[in-house]
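J.:
Number of protein chains: 2
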Amino acid sequence: MMHQSIANHIHSHVNVTESDTHLFTSVLNEISVAKGQFLLKPGTSVKHEYFVVKGCLKAYYIDDKGNRHIIQFAVENWWVGDFDAFYKQVPSKLYIEAIEDSQLLFINYNSLQKIYSEAPIFERYFRILITKAFIAQRKRILSTLEKHTQERYIEFCTSYPNIEDRVPNYDIANYLGVTPENLSRVRKQLKN
Amino acid sequence: MMHQSIANHIHSHVNVTESDTHLFTSVLNEISVAKGQFLLKPGTSVKHEYFVVKGCLKAYYIDDKGNRHIIQFAVENWWVGDFDAFYKQVPSKLYIEAIEDSQLLFINYNSLQKIYSEAPIFERYFRILITKAFIAQRKRILSTLEKHTQERYIEFCTSYPNIEDRVPNYDIANYLGVTPENLSRVRKQLKN
DNA sequence: CTTTCGAATTGACATAGATCAATAACATTG
DNA sequence: CAATGTTATTGATCTATGTCAATTCGAAAG
Chain A
163 MMHQSIANHI
173 HSHVNVTESD
183 THLFTSVLNE
193 ISVAKGQFLL
203 KPGTSVKHEY
213 FVVKGCLKAY
223 YIDDKGNRHI
233 IQFAVENWWV
243 GDFDAFYKQV
253 PSKLYIEAIE
263 DSQLLFINYN
273 SLQKIYSEAP
283 IFERYFRILI
293 TKAFIAQRKR
303 ILSTLEKHTQ
313 ERYIEFCTSY
323 PNIEDRVPNY
333 DIANYLGVTP
343 ENLSRVRKQL
353 KN
Chain B
163 MMHQSIANHI
173 HSHVNVTESD
183 THLFTSVLNE
193 ISVAKGQFLL
203 KPGTSVKHEY
213 FVVKGCLKAY
223 YIDDKGNRHI
233 IQFAVENWWV
243 GDFDAFYKQV
253 PSKLYIEAIE
263 DSQLLFINYN
273 SLQKIYSEAP
283 IFERYFRILI
293 TKAFIAQRKR
303 ILSTLEKHTQ
313 ERYIEFCTSY
323 PNIEDRVPNY
333 DIANYLGVTP
343 ENLSRVRKQL
353 KN
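Top line first, the protein sequences correspond to chains A and B.
Quick note: the first sequence uses this note's numbering, first residue 163, plus one each step.
Quick note: the second sequence uses this note's numbering, first residue 163, plus one each step.
1) Assuming contact is defined by CB atoms lying nearer than 8 angstroms, are G339/B and L307/A in contact in what I supplied?
2) According to DSSP, what are the bridge partners of P253/B?
3) In the DSSP assignment, find the unbroken alpha helix (DSSP H) run with V348/B in it and report its ends.
4) Which residues share a DSSP beta bridge with W241/A?
5) Residues in the same chain with beta-carbon distance under 6 angstroms from V176/B, minus the five sequence neighbours each way, listed in chain order, please.
6) Beta-carbon separation of N270/A and H184/A under 8 angstroms?
7) Can you tell me which of the three DSSP states E280/A falls into?
8) Quick check: what's the CA-CA separation for D182/B versus L274/B?
9) Taking E285/A as the query, report the chain B residues whose CB atoms sit under 8 angstroms from its CB, ordered along the chain.
10) Looking only at DSSP bridge pairs, what is V178/A linked to?
11) Tell me, which residues are paired with K220/A by DSSP?
12) Measure the beta-carbon distance from N336/A to H231/A and round it to whole angstroms, keeping in mind my assumption that it falls under 8 angstroms.
13) In chain B, which residues lie less than 9 angstroms from A221/A when you measure between Cβ atoms?
14) For Q199/A, does the three-state DSSP call read helix, strand or coil?
15) Where does N270/B fall in DSSP's three states?
16) When DSSP labels each residue in this structure, what does N331/A get in the three-state scheme?
17) DSSP three-state label for N336/A, please.
18) At the level of alpha carbons, what is the spacing between I170/B and P253/B?
19) Relative to the alpha-carbon of S188/B, which residue among Q351/B, H165/B, Q265/B has its alpha-carbon at the smallest distance?
20) I'd like to know if R302/A contacts chain B, where contact means its C-beta is closer than 8 angstroms to some C-beta of that chain.
21) Closest Cβ-Cβ distance between L266/B and chain A: below 8 angstroms?
22) Strictly under 8 angstroms for the Cβ-Cβ distance: is Y358/B near chain A by that measure?
23) Name the one or two DSSP bridge partners that N191/A has.
24) So L307/A contacts chain B; which residues on that side make the cut at Cβ distance below 7 angstroms?
25) Output the distance between the C-alpha atoms of F245/B and K203/A, rounded to the nearest integer angstrom.
26) Residues of chain A with CB closer than 7 angstroms to the CB of D225/B, please, in chain order.
27) Got a sec, what are the start and stop residues for the alpha helix (DSSP H) I103/A sits in?
28) To which residues of the same chain is V178/B closer than 7 angstroms at the C-beta, ignoring the five residues directly before and after it?
29) Give the residues of chain B in contact with A335/A, contact being defined as C-beta atoms less than 9 angstroms apart.
30) Contact criterion: CB-CB distance below 8 angstroms. Does T293/A meet it with respect to chain B?
31) Sort M163/B, F186/B, I168/B by Cα distance to E280/B and report the nearest one.
32) Please confirm whether L190/A and F248/A have their CB atoms less than 8 angstroms apart.
33) State the Cα-Cα distance for the pair Q351/A and T341/B, rounded to the nearest angstrom.
34) Would you kindly work out how many angstroms separate the C-alpha atoms of I261/A and R300/A, rounded to a whole number?
35) Are the C-beta atoms of F235/A and some chain B residue less than 8 angstroms apart?
36) Chain A beta carbons: is any one of them nearer than 8 angstroms to that of H246/B?
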C-alpha cells in the first residue's frame with residue numbers, strides 16, 4: 163500500500179505514535195505521472211510537496227540565458243518539490259518532470275502547517291530532512307570546488323546508486339554542470 | 163546586552179513567549195575571539211553552535227589535495243558552526259577563524275536537544291533557519307553553474323553587503339572558487 | 001619617514017572544459 | 001526489419017581560468 167512507504171520513512175527518522183502517522187497519512191493524496199509528463203511547471207503556485215513512492219524524476223529550471231540546469235534527481239523515498247517557492251509561497255521557477263512512470267504522494271501547504279501545530283514531531287521530521295539535504299547539497303558545492311569532472315562523475319554514481327541506468331547521460335552531465343561531450347570523454351577514460 | 167541580539171533574531175523568525183526566549187537565552191554562553199584566532203579546528207568534537215553578536219568569521223576546510231576552501235563567512239546575526247558534525251555528533255572537519263575581533267554566543271548540543279523537547283517552537287526556529295540556509299546555498303550552486311566569475315563576484319558583493327571591506331580579496335576569491343589572480347583581473351575589468 | 005611583509009596586480013604560458021560539426025549507436029514506431 | 005528520431009561519441013578548435021614568476025601596492029611597526 164502506498165502509505166506504507168512514507169510511514170516507513172517517517173519512522174526511520176523520528177519517534178512517532180501510530181496516531182501521529184495516521185494524522186499525517188490522512189492528509190496525503192496520490193498522483194501518478196507518466197514518463198515525460200510534468201508534476202510542476204514555472205509560474206504555478208506551489209501548493210504541494212511530493213514524496214516519491216515509485217519512479218524517477220528530475221527538477222530543473224531554465225536560466226536567463228536559456229540554459230537548463232538540473233537541481234535534483236528524485237527516486238524512491240525522496241521528497242521533491244520547489245522547496246523555495248513552497249516555503250515562501252511564491253510562484254515556482256522549476257520544472258519537475260518524470261524520467262520514468264512515477265507514483266507519488268503529496269501534501270498540501272495548509273495541511274502541513276496544520277500538522278506542524280497539531281503534531282510538532284513533524285517539525286522535527288522536516289527539520290532533520292532538510293538538515294540532511296543541506297549537508298548533501300554542501301557536499302555538492304565542495305565537490306565542484308575540489309574536483310574535476312572525472313572524480314565528480316564517480317562520486318555521483320556512488321551517491322545515486324544505479325542511476326546511470328535510469329537517467330540519460332546528458333542529464334547527468336547537466337547535473338554535474340558539464341557538457342555531454344565532456345562527460346562522454348571522461349567516461350571513455352574511465353573504461354581504459 | 164548580548165542576549166538582546168539573539169532574542170531579536172528569534173522574534174523575527176517565530177512567535178515565542180517571553181518564557182520561551184528566557185529558557186533559550188538561559189543556556190547560552192558568551193565567548194570572544196580575537197582576529198586570527200580559532201573558534202574551531204578539525205578533529206575537535208563539536209559541542210556547540212555559535213551566534214555572531216559582533217564581528218566577522220570564516221569557516222573553511224582543507225581538502226585531500228591540501229587546498230583550502232571557504233564554506234561560509236559569518237557576520238552579525240548569523241549562526242556559524244560545523245553543522246554537519248554538530249548534527250551527526252562526529253569530529254569536525256572545519257576551521258572557524260575570526261577575521262575580526264568577534265563576540266559570540268553559543269549553545270551546547272545537549273542543551274539544544276533539551277530545548278527542542280521543552281519548547282518545540284525552537285524546532286521550528288531552526289527548521290526555518292536551515293530552510294533559508296538551504297535555499298541560499300542552492301543559489302550558490304546554481305550561480306556556479308550559470309555564471310562566470312565576473313557576475314558571481316557582483317552577486318557576492320550584493321548578497322554580503324560591504325563585506326569587500328571586511329574580508330581580504332584572496333578569501334573572496336577562495337569562496338567563489340577562483341584564484342586571486344583571476345578575481346583581480348575580473349575586478350580590473352569592472353573598473354573600466 | 002623609512003622599512004618590512006603580506007596582499008594585490010600584472011604578464012606569459014598551460015590546460016580543462018566549451019563549442020561546433022560530423023558521425024555512430026540505440027531505441028522507438030510503423 | 002526498415003525508417004526515423006534521439007542519444008552518445010569523436011574530432012578540431014576556442015576560451016575562461018589556472019599556474020608560476022615577477023612586480024607593485026599598502027598598511028603596520030619601528
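For every residue, glycine included, the Cβ atom is placed at its ideal position computed from N, Cα and C.
T.: Quick answer:
1) Reading the second sequence from its first residue, position 177 is the one you call residue 339/B. Reading the first sequence from its first residue, position 145 is the one you call residue 307/A. Yes, Cβ-Cβ distance for G339/B and L307/A is below 8 angstroms.
2) Counted from its first residue, the second sequence places residue 253/B at position 91. For P253/B, the pairing in a beta bridge is given by DSSP as S207/B.
3) Taking the second sequence and counting its residues from 1, the one referred to as residue 348/B is at position 186. Element bounds for V348/B: 342 to 353.
4) In the first sequence, residue 241/A corresponds to position 79, counting from 1. W241/A is bridged by DSSP to F213/A.
5) Taking the second sequence and counting its residues from 1, one reaches residue 176/B at position 14. Excluding positions up to five away in sequence, the list reads I283, R286, Y287.
6) For the purposes of this step, residue 270/A is identified with residue 108 of the first sequence, where counting begins at 1. For the purposes of this step, residue 184/A is identified with residue 22 of the first sequence, where counting begins at 1. No, Cβ-Cβ distance for N270/A and H184/A is not below 8 angstroms.
7) As a working mapping, residue 280/A is identified with position 118 in the first sequence. Helix.
8) Against the second sequence, residue 182/B aligns to sequence position 20. Against the second sequence, residue 274/B aligns to sequence position 112. Each residue's Cα considered, the two are about 13 angstroms apart.
9) The residue given as residue 285/A occupies position 123 in the first sequence. Here the neighbours are P282, E285, R286, R289.
10) On the first sequence, residue 178/A is found 16 positions in, with the first residue counted as 1. Per DSSP, V178/A has no beta bridge partner at all.
11) Along the first sequence, one-based indexing puts residue 220/A at 58. Per DSSP, F235/A, E259/A.
12) Here residue 336/A refers to the residue found at position 174 of the first sequence. Here residue 231/A refers to the residue found at position 69 of the first sequence. Correct: roughly 7 angstroms between the Cβ atoms.
13) Position 59 of the first sequence, counted from the start, is the residue given in the question as residue 221/A. Here the premise fails: no neighbours, minimum Cβ distance about 11 angstroms.
14) For the purposes of this step, residue 199/A is taken as residue 37 along the first sequence, with counting starting at 1. It is coil, neither helix nor strand.
15) Locating residue 270/B in the second sequence gives position 108, counting from the first residue. Of the three classes helix, strand and coil, the one that applies to N270/B here is strand, per DSSP.
16) By 1-based counting over the first sequence, the position of residue 331/A is 169. In the structure shown, N331/A adopts helical secondary structure according to DSSP, grouped into three states.
17) Sequence index remark: in the first sequence, residue 336/A carries index 174 (1-based). Shown here, N336/A sits in a helix according to DSSP, grouped into three states.
18) Position 8 of the second sequence holds residue 170/B. Position 91 of the second sequence holds residue 253/B. The sequence shown places Asn at residue 170/B, rather than the Ile named in the question. Our two residues, N170/B and P253/B, have alpha carbons roughly 31 angstroms apart in a direct line.
19) To locate residue 188/B, count along the second sequence from 1; it is residue 26. Sorting Q351/B, H165/B, Q265/B by C-alpha distance to the C-alpha of S188/B places H165/B at the top.
20) Counting from one through the first sequence, the residue named residue 302/A turns up at place 140. Any Cβ of chain B closer than 8 angstroms to the Cβ of R302/A would place that residue at the interface, and such an atom is present.
21) Counting from 1 along the second sequence, the entry for residue 266/B is found at position 104. Not closer than 8 angstroms to any Cβ of chain A, the Cβ of L266/B fails to qualify, so no.
22) The question about residue 358/B has no answer here: the residues shown for chain B are numbered 163 through 354.
23) What you label residue 191/A is simply residue 29 of the first sequence in a count that begins at 1. The secondary-structure analysis by DSSP pairs N191/A across a beta bridge with F268/A.
24) Locating residue 307/A in the first sequence gives position 145, counting from the first residue. Within chain B, the residues H231, G339 have their CB atoms less than 7 angstroms from the CB of L307/A, given in chain order.
25) For this step, residue 245/B is matched to residue 83 along the second sequence. For this step, residue 203/A is matched to residue 41 along the first sequence. F245/B and K203/A: Cα-Cα distance of roughly 33 angstroms.
26) For the purposes of this step, residue 225/B is taken as residue 63 along the second sequence, with counting starting at 1. Under the 7 angstroms cutoff, chain A gives E308.
27) Residue 103/A lies beyond the range of chain A shown here (163 to 354); nothing can be said about it.
28) The sequence position of residue 178/B within the second sequence is 16, counting from 1. Result list for V178/B: I172, I283, in chain order.
29) Within the first sequence, numbered from 1, the residue matching residue 335/A stands at position 173. Residues of chain B passing the Cβ test: none, with the nearest at roughly 12 angstroms.
30) Position 131 of the first sequence, counting from 1, holds the residue named residue 293/A. Taking 8 angstroms as the CB threshold, T293/A lines the interface with chain B.
31) Here the question's residue 280/B lines up with position 118 in the second sequence. Nearest of M163/B, F186/B, I168/B to E280/B, Cα basis: F186/B.
32) Taking the first sequence and counting its residues from 1, the one referred to as residue 190/A is at position 28. Taking the first sequence and counting its residues from 1, the one referred to as residue 248/A is at position 86. No, the Cβ-Cβ distance between L190/A and F248/A is not below 8 angstroms.
33) Walking along the first sequence from the start, residue 351/A turns up at place 189. Walking along the second sequence from the start, residue 341/B turns up at place 179. A straight-line Cα-Cα distance of about 28 angstroms links Q351/A and T341/B.
34) For this step, residue 261/A is matched to residue 99 along the first sequence. For this step, residue 300/A is matched to residue 138 along the first sequence. If you take the alpha carbons of I261/A and R300/A, they lie about 25 angstroms apart.
35) As a working note, residue 235/A is residue 73 in the first sequence. It does not: the Cβ of F235/A has no partner Cβ on chain B nearer than 8 angstroms.
36) The residue labelled residue 246/B in the question sits at position 84 within the second sequence. One detail in the question is off: residue 246/B reads as Asp in this sequence, not His. Yes - at least one Cβ of chain A is within 8 angstroms of the one on D246/B.
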